[in-house]
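Accompanying notes for the structure given below.
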Amino acid sequence: DTGVSQDPRHKITKRGQNVTFRCDPISEHNRLYWYRQTLGQGPEFLTYFQNEAQLEKSRLLSDRFSAERPKGSFSTLEIQRTEQGDSAMYLCASSVTPLSGSGETQYFGPGTRLLVL
Amino acid sequence: KNQVEQSPQSLIILEGKNCTLQCNYTVSPFSNLRWYKQDTGRGPVSLTIMTFSENTKSNGRYTATLDADTKQSSLHITASQLSDSASYICVVSASTGGFKTIFGAGTRLFVKA
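Protein chains in written order, with the numbering used here: chain C, 35 to 151; chain R, -3 to 109.
Encoded structure:
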């Protein structure tokens, strides 16, 4: 297993267009996270799944954003009617549910860099 | 308000020197603290993870400390190398029923030859 993969690595789109990103987590990782990161900042949480269930969504995830993980494996993040403010790096991470009392390590993908013109 | 603050914002050191990065947090109730290294244009990579009962953890030339009483952590890099040039991000998670993980803005480290 080569780790978390994301596709595409780069995306340039015009304002108003829809875009979809894909994340393939590490095999057998039941948790999957989406983050957004802008230049010079740490990642900001968007949403996370445990298996196929979307358990939490950030207030940052407006109604133009939707994420799915239909079979509990790969996930997609779609942004509708993109705006220039959506330009950022979109990171995916996966992990396994930690044992009680232990910490959870998230393994990140390389990210998808989105530029909205 | 749950926050993670890192200092300095950026740091320039000479190859071979040591450095220490700081992380202060107010996340509560505390669950664990992680340090990640992020190279430019790539996803973060985990360096260390510490829970409440751990106060130091090493990973090669990286040593993280945690003081849960003062809510401070540090990441010490020994004998820096050019490849250490990256952003170092402190991440703190709370032990709540919901998801609560707060990322710091990172410290940008530049190692010069």
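Backbone N, C-alpha and C fix where the C-beta goes; we use that ideal spot for every residue, glycine too. Remember, it's a predicted structure, so these values are computed and weren't measured experimentally.
Taking all protein chains in view, the Cβ of F83 of chain C is crowded by 16 or more other Cβ atoms within 10 Å, so the residue is classified as buried.
Scanning its chain for C-beta atoms nearer than 6 angstroms, with the 5 sequence neighbours on each side dropped, one finds around Q(-1) of chain R the residues T22, in chain order. Contact check for T139 of chain C against S42 of chain R passes: the beta carbons are separated by less than 7 angstroms.
Nearest to K67 of chain R by C-alpha distance, out of R:A109, R:L10, R:S27, is R:S27. In terms of Cβ geometry, A122 of chain C and T81 of chain C do not form a close pair [threshold 7 angstroms].
For G102 of chain R, the nearest CB of chain C lies under 7 angstroms from its own CB, placing it at the interface with that chain. When the alpha-carbon of P25 of chain R is set against those of R:I85, R:I73, R:S91, the nearest one is in R:S91.
Using a Cβ-Cβ cut-off of 7 angstroms, G56 of chain R does not count as an interface residue toward chain C, since no Cβ of chain C sits closer than that to its own. Close partners of G39 of chain R in chain C (Cβ separation under 7 angstroms): L125, F142, G143, P144, G145. For the segment 77 to 95 of chain C, the residues whose beta carbon sits under 8 angstroms from a beta carbon of chain R are, in order, P77, E78, F79, Y82, L89, E90. Within the DSSP secondary-structure output, S6 of chain R pairs in a beta bridge with R:R104.
Within chain R, the residues whose beta carbon sits less than 8 angstroms from that of T139 of chain C are R30, S42, I45, listed in sequence order.
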